[in-house]
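Participant: In the UniProt record's numbering, the protein residues as written are 1 to 100.
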Amino acid sequence: MRRTFTAEEKASVFELWKNGTGFSEIANILGSKPGTIFTMLRDTGGIKPHERKRAVAHLTLSEREEIRAGLSAKMSIRAIATALNRSPSTISREVQRNRG
1 MRRTFTAEEK ASVFELWKNG TGFSEIANIL GSKPGTIFTM LRDTGGIKPH ERKRAVAHLT
61 LSEREEIRAG LSAKMSIRAI ATALNRSPST ISREVQRNRG
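#1: Hey, quick one: how far does the alpha helix (DSSP H) through Arg-86 stretch, first residue to last?
#2: Going by C-alpha distance, which of Glu-94, Val-13, Arg-3 and Arg-2 is nearest Pro-49?
#3: What are the start and end residues of each continuous alpha helix (DSSP H) run of 4 or more residues lying completely inside the stretch 12 to 53, in chain order?
#4: For Lys-10, which of helix, strand or coil comes out of DSSP?
#5: So, under 8 Å CB-CB, Arg-3 and Thr-44 are touching, yes? Tell me the CB distance rounded to an integer number of Å.
#6: Using 10 angstroms around the beta-carbon of Ile-26, count the other beta-carbons present and answer buried if the total reaches 16, otherwise exposed.
#7: Taking only the alpha-carbon atoms, compute the straight-line gap between Glu-63 and Asn-19 and give it to the nearest angstrom.
#8: Going by C-alpha distance, which of Ile-91, His-58, Thr-6 and Arg-52 is nearest Leu-71?
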């Protein structure tokens with residue numbers, strides 16, 4: 001079965017690697033295999049990747065729920081957009097994609 005690492009474990013792999021710890025030693029610390037550590041580091045060039053962040057332009061789950069509630073209350077796209085401080089076109093695209 002494939003071993004998955006938590007965000008903290010991944011961070012410690014890159015920190016240990018940065019401090020000069022070898023694959024085998026990192027694997028022993030995390031209870032994994034050296035090949036797994038090697039692959040993780042190889043895939044990123046040994047450099048810790050940036051944390052992924054959702055773009056501000058993307059709607060949040062709560063905004064999507066507000067859109068759904070607004071549509072249920074028979075509000076117009078423009079009224080929903082005004083309430084969420086978003087562009088009407090953003091709301092319209094969301095409705096077209098997911099029907100609210």
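By construction, the Cβ of each residue, glycine as well, lies at the ideal position given by its N, Cα and C atoms.
Facilitator: Let me spell this out:
#1: Careful: Arg-86 lies outside any alpha helix (DSSP H) and carries neither H nor E.
#2: Val-13
#3: 23 to 30 and 34 to 43
#4: helix
#5: 17 Å between Cβ atoms; not a contact.
#6: buried
#7: 43 Å
#8: Ile-91
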